[in-house]
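Numbering (UniProt numbering), first residue to last: 1 to 147.
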């Protein structure tokens with residue numbers, strides 16, 4: 001299985017995006033290593049985060065009239081739909097399918113970040129002075145480790 005791990009290659013030099021991406025990687029890594037008994041909950045946490053993650057990016061693209069928004073937003077919709085199908089599979093006990101999906105999501109995320117998100121980050125840096133961008137706060141993927 002392809003595993004996810006944070007690396008410098010995922011940094012885009014746009015803190016609101018980098019923070020949310022780091023949290024996504026942490027949550028996906030937790031899901032990939034979760035035992036079968038907790039995989040549905042771990043996968044659900046990845047989905048909940050991704051809904052907010054993609055929602056923020058989609059909002060930025062719409063508000064700034066980002067040229068490549070349509071394709072980027074469509075990818076977000078497709079990926080979220082597949083992830084939701086994975087949750088149904090996990091709840092039905094098909095953990096192997098969800099684990100395979102998690103591995104494929106890790107590969108997709110790296111490519112997506114280094115292409116479409118990199119272009120969006122560049123765009124956001126160029127319009128940043130003209131647009132207030134709400135900075136997100138990176139939340140721990142490990143609730144027990146929160147202060």
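Glycine residues also receive a C-beta, built at the ideal position from the N, C-alpha and C atoms.
Everything numeric in this text was worked out from a predicted model, so none of it was measured.
If you scan the UniProt domain "Hemerythrin-like" (17-114) from start to end, which runs of the alpha helix (DSSP H) of 4 or more residues do you find wholly inside it? Correct list: 39-64, 69-91, 95-112.
Nearer than 7 Å: is that true of the beta carbon of residue 114 relative to any heavy atom of the ligand GTP? You won't find the ligand GTP in this model; it holds no ligand whatsoever.
Give the straight-line distance between the Cα atoms of residue 12 and residue 37, rounded to the nearest whole angstrom. What you label residue 12 is simply residue 12 of the chain shown in a count that begins at 1. What you label residue 37 is simply residue 37 of the chain shown in a count that begins at 1. The alpha-carbon of residue 12 is positioned some 35 Å away from that of residue 37.
For residue 42 and residue 86, I'd like the C-alpha separation in whole angstroms. On the chain shown, residue 42 is found 42 positions in, with the first residue counted as 1. On the chain shown, residue 86 is found 86 positions in, with the first residue counted as 1. Taking the straight line from one Cα to the other gives about 12 Å.
Rounded Cβ spacing between residue 47 and residue 84 (contact assumed at less than 8 Å): To locate residue 47, count along the chain shown from 1; it is residue 47. To locate residue 84, count along the chain shown from 1; it is residue 84. Sure, about 6 Å apart at Cβ, within 8 Å.
With a 10 Å radius around its C-beta and 16 neighbouring C-beta atoms as the bar for buried, classify residue 4 as buried or exposed. Along the chain shown, one-based indexing puts residue 4 at 4. Counting Cβ neighbours within 10 Å, residue 4 comes out buried, since at least 16 surround it.
Starting from the Cα of residue 32, find the closest Cα among 6, 102, 75, 82 and give me that residue. Counted from its first residue, the chain shown places residue 32 at position 32. In terms of Cα proximity to residue 32, the closest of 6, 102, 75, 82 is 102.
Can you tell me where the alpha helix (DSSP H) with residue 127 in it begins and where it stops? In the chain shown, residue 127 corresponds to position 127, counting from 1. Looking at the DSSP string, the run of the alpha helix (DSSP H) that includes residue 127 is 118-127.
Looking at C-alpha atoms only, which residue of 39, 49, 96 is the closest neighbour of residue 169? This structure cannot settle anything about residue 169, because the visible part of the chain is limited to 1 through 147.
What is the DSSP secondary structure of residue 10, counted as helix, strand or coil? The residue given as residue 10 occupies position 10 in the chain shown. Residue 10: helix per DSSP, three-state reduction.
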